[in-house]
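Here is the structure we will look at.
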Amino acid sequence: MTKAQIDNKRQMIITTCRNQINQMHKILKLFGEIPNAASNGDINILVNDILLRIGSSERDIKVFEMKPDDYIERYNADSYINFVQGKIDFFKSRQEFYAFNASLRQKPNDDFTY
């Protein structure tokens, strides 16, 4: 690989990591909109997992910025990116599940007539 290709690969990895961090922040905001989420132990565990993943991804960005070119050239970026995206997809599916369950527990509309 040329120096330009290595730099492009490094930037692609870092940009993708930042985009994934933004996705996780959006999921956290959605968890905050679920009624009584703070009292649900399972949701708290997921939120902690998301926060740990965000911290890990932020550290990974620093690593990718500092690693030498030969490391970046050999690095399997697709494997890392797909792993993190799989975690994000899991977090999103769980958020949708809990939001759906919370919507089922909402107070019925008093205007509804039988």
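Read in our numbering, the sequence shown has 106 at position 7, and its numbers run on one by one without any break.
Heads up, the beta-carbon is just placed ideally off N, CA and C, and yes, glycines get one too.
- Straight through space, the alpha carbons of Asp106 and Ser138 are spaced by roughly 46 Å.
- Taking each of Thr101, Ile112 and Ala103 in turn and checking the Cα distance to Lys161, the smallest one comes out for Ile112.
- Counting the other CB atoms within 10 Å of its CB gives Ile126 a total of 16 or more, which places it among the buried residues.
- Counting C-beta pairs closer than 8 Å gives fewer than three between the region 167 to 175 and the region 113 to 133, which falls short of the contact rule.
- Annotated as distal: Ala201 and Ile144, with beta-carbon spacing of 8 Å or more.
- Put simply, the backbone Cα of Arg204 is about 14 Å away from that of Glu195.
- At the C-beta level, Ile120 and Ser178 stay beyond 8 Å of one another.
- With a 10 Å radius around the Cβ and a threshold of 16 neighbouring Cβ atoms, Phe182 comes out exposed.
- Taking a C-beta distance under 8 Å as the contact criterion, Val146 and Phe130 qualify as a contact pair.
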